[in-house]
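Numbering-wise (our numbering), the sequence shown opens with residue 33 and increments by one. Data first, discussion second: the structure below is written as structure tokens.
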Amino acid sequence: MKKQLVMLSLACISFGSLASNPHYFSADNRIESKLCSLSANEGFTAARKEAAKHGISMSRFSKSILCNGTDIREIAKKAQSQEVAKAAIEVFAKNEQKETQLCITALKKGLTPVREKIGNLNTLKCNGEAVTDFVKRYQNAAI
């Protein structure tokens, strides 16, 4: 396997951070470039499958291909973490119980109205965690 650095379009990376869904592309027609863009767009597993079709072995544990000086596994991790950060979380009430409605109120209006109704916030659990932790975790979720 070639030990050369693979060129991935720098323009795409710099503009990709401004776009909501960046798409990386190959700067040339070499298989290594294709694998880098595939790893960034679809993940390391997709790149490994494509590499296997061309007789290239890519390890999950050791460096094999560099993309702009960065290991291909790191490129895939960065792309995956960006997608996870963009994933929307939706919170909804599964039932009409008082506690469930208090958890939804805490998300919508904050902890103060809930504290006024029950007094001690430590007595309320939302999805098995303290209401304060629940609100911190899901305060920006769609309700």
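Ideal Cβ positions, reconstructed from N, Cα and C, are used throughout, including at glycine. Keep in mind that this is a model prediction, so the values were computed, not measured.
Straight-line CA distance for residue i to residue j?
| i | j | result |
| --- | --- | --- |
| residue 69 | residue 122 | 31 Å |
| residue 164 | residue 145 | 13 Å |
| residue 171 | residue 134 | 14 Å |
| residue 101 | residue 95 | 11 Å |
| residue 156 | residue 110 | 37 Å |
| residue 124 | residue 141 | 15 Å |
Using alpha carbons as the reference points, say which of the options lies closest to residue i.
| i | options | result |
| --- | --- | --- |
| residue 93 | 105, 172, 155 | 105 |
| residue 139 | 98, 57, 173 | 173 |
| residue 161 | 131, 141, 100 | 131 |
| residue 129 | 158, 76, 148 | 158 |
| residue 168 | 91, 136, 126 | 136 |
| residue 99 | 64, 82, 74 | 64 |
| residue 86 | 66, 76, 103, 75 | 66 |
Could you tell me how far apart the beta carbons of residue i and residue j are, in whole angstroms, since I believe they sit closer than 8 Å?
| i | j | result |
| --- | --- | --- |
| residue 107 | residue 72 | 5 Å |
Here's the rule: buried if 16 or more other CB atoms are within 10 angstroms of the residue's CB, otherwise exposed. What is residue i?
| i | result |
| --- | --- |
| residue 84 | exposed |
| residue 58 | buried |
Checklist entry - Which ranges does the alpha helix (DSSP H) cover as unbroken runs of at least 4 residues, wholly within the segment 61-90, from first to last along the chain? => result 63-74, 76-85
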